[in-house]
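A.B. asks:
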Amino acid sequence: MTWEGTAQIAGTTVRLHGGGRFEPVDGRYHWAGRVEPEPRLVRLLRSGRRDVEVRIGERVARARLAEVDPWGGVRITGVGTPPWPPDDE
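Numbering (UniProt numbering), first residue to last: 1 to 89.
Structural data, given as structure tokens:
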């Protein structure tokens, strides 16, 4: 499953591209995404902040800021229910 759209991370509106998969080894859903370049998130990550909440509409999920890619985007990761709606909504 993949998703693309607007999200709120740490009070900042961003464009998020995400996807995930069920991992049979640990029995949990693992998701990840790339936030299009946003200087405020890069500053948060470089200041040492990793744990954030991702909000899409009424859906909220905990995530971790992982790294800044060469184009200035920020990779995020999460485990459990992703913040984007299921395909059938």
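Note that the Cβ used here is the ideal one computed from N, Cα and C, for glycine as well.
(1) Which whole runs of the beta strand (DSSP E) in the UniProt domain "DUF4873" (13-85) are 3 residues long or more, in chain order?
(2) Flag this pair as yes or no: are the beta carbons of V52 and P83 separated by less than 8 Å?
(3) Would you call the region 57-72 in contact with the region 14-22, where contact means no fewer than 3 C-beta pairs closer than 8 Å?
(4) State buried or exposed for G5, treating a residue as buried only when at least 16 other CB atoms are found within 10 Å of its CB.
(5) Which same chain residues, not among the five before or five after E36, have their C-beta less than 7 Å away from its C-beta?
C.D. replies: Looking at the coordinates:
(1) Segments of the beta strand (DSSP E) lying fully in the UniProt domain "DUF4873" (13-85): 28-35, 51-56, 59-68 and 74-79.
(2) For V52 and P83, no; Cβs fall outside 8 Å.
(3) Touching, no, given that fewer than three Cβ pairs across the two stretches are closer than 8 Å.
(4) By the neighbour-count criterion, in which 16 or more other beta carbons inside 10 Å mark a residue as buried, G5 falls on the exposed side.
(5) V14, R15 and G73.
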